[in-house]
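Each protein sequence line maps, in turn, to chains L and B.
Residue numbering for the first sequence follows the numbering used here, starting at 21 and increasing by one per position.
Residue numbering for the second sequence follows the numbering used here, starting at 21 and increasing by one per position.
Virtual Cβ for every residue (Gly too), placed ideally from N, Cα, C.
Heads up: the structure comes next, in structure tokens.
Protein chains: 2
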Amino acid sequence: MTIAPGADGRGNSDVRRHNLSLVLRLVHQSQGVPRSALTRSTGLNRSTIAALVGELVERELLVEAEPDASNQVGRPSPLALPGPRPIAIAVNPEIDAITVGVVGLGATVLQRIRRPLSKSPSVADAVAVTAGLVTELRREFGAGHTVLGIGAAIPALVRARDGVVRLAPHLHWVDEPFAAELEAATGLPVFAANDANLGTLAESIFGAGRGVADLIYLNGGASGIGGGIISGGRALSGVEGYAGEFGHTVVATGGERCHCGAVGCLETEVRRDRLVALTGLDDVDSDELEAALLAGETAAIRTEVLRQLDFLAVALRNAVNILNPSTIILGGFLGSLYAVAPNQLDALLASQPLAASSEAVSVVRSVLGANRLMIGAAELAFESVLDDPSSFVTGEKSAR
Amino acid sequence: MTIAPGADGRGNSDVRRHNLSLVLRLVHQSQGVPRSALTRSTGLNRSTIAALVGELVERELLVEAEPDASNQVGRPSPLALPGPRPIAIAVNPEIDAITVGVVGLGATVLQRIRRPLSKSPSVADAVAVTAGLVTELRREFGAGHTVLGIGAAIPALVRARDGVVRLAPHLHWVDEPFAAELEAATGLPVFAANDANLGTLAESIFGAGRGVADLIYLNGGASGIGGGIISGGRALSGVEGYAGEFGHTVVATGGERCHCGAVGCLETEVRRDRLVALTGLDDVDSDELEAALLAGETAAIRTEVLRQLDFLAVALRNAVNILNPSTIILGGFLGSLYAVAPNQLDALLASQPLAASSEAVSVVRSVLGANRLMIGAAELAFESVLDDPSSFVTGEKSAR
DNA sequence: ATGATTTGTTGTCGTTTGGAACATATTACA
DNA sequence: TGTAATATGTTCCAAACGACAACAAATCAT
């Protein structure tokens, strides 16, 4: 008797919006394509594509460049490239630093500033530091660019709807309206999400997950394990945006107590600090840790790596059974663990029950480096324009 | 450089298709609504809705009925009802019986035949029995109805793409092209999927999950535990359609060995037969089992119920952390377990880590009864018409 | 019985894509 | 070096579709 809401009818202008959005997205995600490729991949008429690209160029969302010498018969097709005007600001607050960056369409990171902190920041600290950096950056990029908004990648459960940080165990933030406060401090629209979810987004569009419709991403950091899911080509968010918390999945029923209060969480059994401790090194960075693991001097290291891979495999098995992805992307020290003994993990996955659902799973390492979170966070700010390019009016929202 | 495929541009006729589809879906899912409600919920113009409904009536997909006395001011709006012509045939092969049904739009089950079997059927057996029943039913429903196709709900991993049964542990089918064979035997298009996935679909559209965009469904049957996921309003399938296999999720690291070869699967720890054994009864049906559990005569029963709820809670905790649903629907004996000690399970879920992600989860029992799989399977066969109503040409595909 | 209100009905208009015909720029080949 | 073949951009017109406005109809309130 009741009718589900959100079931929107479509008019002619929705077609236009959809097609503009589609073309802009294709150029954004491919970081530049010939116009003729757009006609092919969209199935739209040449004349339609011409009109769409025309409008996007008019709005400074795209630029057209000379075709590159392709040695193909026929009239060369001009290259459609992301326009330089729209930019997004990305923020990543951590325990020991706040990183802010400027990102253009096509995932071009134009600038990145990492401001180290002496102590774990309060929300007020984080907002203040970020706002300061944002002001600097807007001065620097004010001319010729239009800032669409700020995307924040936060190591926390973040409520998607309003950007409230529900729980950031390591930053010790609880129910903090981070997005709203940063919005008030900067006057820019702020979108916040979980850092690993944004890493997933970035890898899925521009990294190891390009073109893959069903994947899961797990990232191992110093403070724990986060993750995200792309299913059917879409990022999974869940009701409130908390989906992808593989770190607190149970992998050992009789295991250790986790900082979260539960027992046997993936992130209490698979930990970076244990590996670091065994290397005997102090405060290593990712590359050093991986080098030390690959060298694998002591038996203790080898044993610990295998032990952690066993637990990781349990978590992955559950995820595979639940989500049936085609690709598993491992980032951070999880990628290093895999690099040390890829066959071990592959074998553990292959030998699993319901072989059918895991037979086609391929495990790969993430390919985006330090810019991953900048790119993912920027995507949040780009979203509204990618969704409705005609909402972008040059100059209106421009700097200052 | 490469462009993602499947990114389709939209033309004018896509608008029509989308709107026709939308209207038909709304009527199908609501099982009858006033035309005026369609204008409101779609946002489309009155005249547009009139045209759309007109075309759908013309095609015999909808019928319009006298408005019911609503005591509202203004001209009464005629009721749009699912048309009786299009029907789907649903099949559910099991170890001891094959059930075939006839389902109309709006989830109306017109007929259901359960054919008991003396032994677990081979694929050939199942196809033969089904084809026989289908012939009978087509004779019975030949006049005035058009059979769109056959939907099959199978207790197995089913490859969505082609309906191949990859693995049915209890039927002992491995890599059997069930859909293709039934198609050959009946001449009707056949769509097959995992039974619990189809149960999820049915509950989400017509049952306990109506209007809920993010839910998980777990069903406990005699042969194990299956499930399914709706996320962001869409059924999750995974690459091959194997998503939702909660039954083989790890809940006990040191647990028993499962028939699947792994250790500690949910469905080895949470089992119907253990409960049945403790009741002392023999071959009970669902209601009898539930009554016996609710009576809870022996301490042993009580203990076992709580033990199973503990393991179920582990699986649900993992699922909640991964998927962040708003609702968990429990079917089969899992619903009975919950009925015995709802507070126990609620408490286990509420006390979990990352409270934010589980705070809003509500656990409910499934509401669709024995028709659940018929409705879910029929949905598969209806899908193509719901997606493109103008493909439905009356009489063309009709009986015989 | 009259007015207010809501909805169905009809005809016209604007928007958007599709398509055909032509123009243009490149390669292939003699 | 010139001509043909090919692919693509460009221009103009037609077709499809929903939006809108004006009017008609059917109910309730007073």
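Using only CA atoms, which one of G244(B), S243(B), A242(B) and S224(B) lies nearest to I236(B)?
S224(B)
A428(L): contacting residues in chain B (beta-carbon distance under 7 Å):
With chain L running from 21 to 420 in the structure shown, residue 428(L) is simply not present.
Where N214(B) sits in the DSSP three-state scheme
strand
CA nearest to the CA of L40(B), picked from L64(B), G264(B), S56(B) and G52(B):
When each option's Cα is compared against that of L40(B), the closest is L64(B).
How do the region 151-160 of chain B and the region 111-131 of chain B stand: do at least 3 beta-carbon pairs fall below 8 Å, yes or no?
yes
Among the candidates H48(B), D408(B) and V360(B), whose CA atom is the shortest distance from the CA of L99(B)?
H48(B)
Rounding to the nearest angstrom, what Cα-Cα distance links R420(B) and R45(B) in this structure?
With a pLDDT of 33 at R420(B), under the threshold of 50, the modelled position of this residue cannot be trusted; read the value that follows with caution. So the two alpha carbons sit approximately 27 Å from each other.
If we cut at 9 Å on Cβ distances, does I342(B) have a partner in chain L?
yes
Just to check my reading of the structure: S251(B) and G258(L) have Cβ atoms closer than 8 Å, yes? What is that Cβ distance to the nearest angstrom?
Going by Cβ atoms, the distance from S251(B) to G258(L) rounds to 7 Å, so yes, they are a contact pair.
Enclosing alpha helix (DSSP H) for N239(B) [first to last residue]:
First-last for N239(B): L235 to G241, but that is the beta strand (DSSP E), not the alpha helix (DSSP H).
Does any C-beta atom of chain L lie closer than 9 Å to the C-beta of S411(B)?
No, because no Cβ of chain L sits closer than 9 Å to the Cβ of S411(B).
Is there contact between the region 359-371 of chain L and the region 326-335 of chain L, where contact requires at least three CB pairs shorter than 8 Å?
yes
Taking a contact to mean a Cβ-Cβ separation below 9 Å, would you say V283(B) touches E276(B) in this structure?
Contact: yes.
Please tell me whether A108(L) and L314(L) are closer than 9 Å, where the distance is taken between their beta carbons.
no
Here's the rule: buried if 16 or more other CB atoms are within 10 angstroms of the residue's CB, otherwise exposed. What is V413(B)?
exposed
Pull up the distance between the alpha-carbon of G9(B) and that of A205(B), whole angstroms please.
Outside the shown range of chain B (21 to 420) lies residue 9(B), about which nothing can therefore be said.
On the three-state DSSP scale, how would you describe I423(L)?
Since the first residue of chain L shown is 21 and the last is 420, residue 423(L) is not available in this structure.
Just list the alpha helix (DSSP H) runs in the region 126-196 of chain B, keeping only unbroken ones of 4 residues or longer that don't cross its boundaries, in chain order.
143-161
Quick one: is Q372(L) near chain B, going by C-beta distance under 9 Å?
yes
Residues bridged to P430(L) (per DSSP)
Residue 430(L) is absent from the model: chain L starts at 21 and stops at 420.
Would a check of beta-carbon distances place R66(L) closer than 9 Å to chain B?
no
I'd like the span of the alpha helix (DSSP H) that includes S382(L), first residue to last.
No alpha helix (DSSP H) holds S382(L); the beta strand (DSSP E) holding it covers S382 to R385.
Chain-ordered chain B contacts of N39(L) [CB-CB under 7 Å]:
G29 and R30
Taking a contact to mean a Cβ-Cβ separation below 9 Å, would you say A242(B) touches N214(B) in this structure?
no
Run down chain B in chain order and give the residues with a C-beta less than 8 Å from the C-beta of A431(L).
Chain L is shown only over 21 to 420; residue 431(L) falls outside these bounds and no answer can be derived.
Please report how far the alpha carbon of N32(B) lies from the alpha carbon of A173(L), in whole angstroms.
39 Å
Taking 9 Å as the threshold (beta carbon to beta carbon), is N91(L) in contact with chain B?
With 9 Å as the cut-off, N91(L) does not count as an interface residue toward chain B.
Does any C-beta atom of chain L lie closer than 9 Å to the C-beta of N239(B)?
no
On a CA-only basis, which of L137(B), E403(B), E324(B) and N344(B) is nearest L357(B)? Give me that one, please.
Put simply, of L137(B), E403(B), E324(B) and N344(B) the residue whose alpha carbon is nearest the alpha carbon of L357(B) is E324(B).
Which two residues bound the contiguous alpha helix (DSSP H) that contains A397(B)?
R392 to D407
Neighbourhood of H279(L) by C-beta distance below 7 Å, restricted to the same chain and skipping five residues each side
Around H279(L): P189.
What do you reckon, are the CB atoms on A212(L) and A222(L) nearer than 9 Å?
In terms of Cβ geometry, A212(L) and A222(L) do not form a close pair [threshold 9 Å].
Taking Cβ to Cβ, would you say V35(L) is nearer than 9 Å to V35(B)?
Yes, these two residues count as a Cβ contact at 9 Å.
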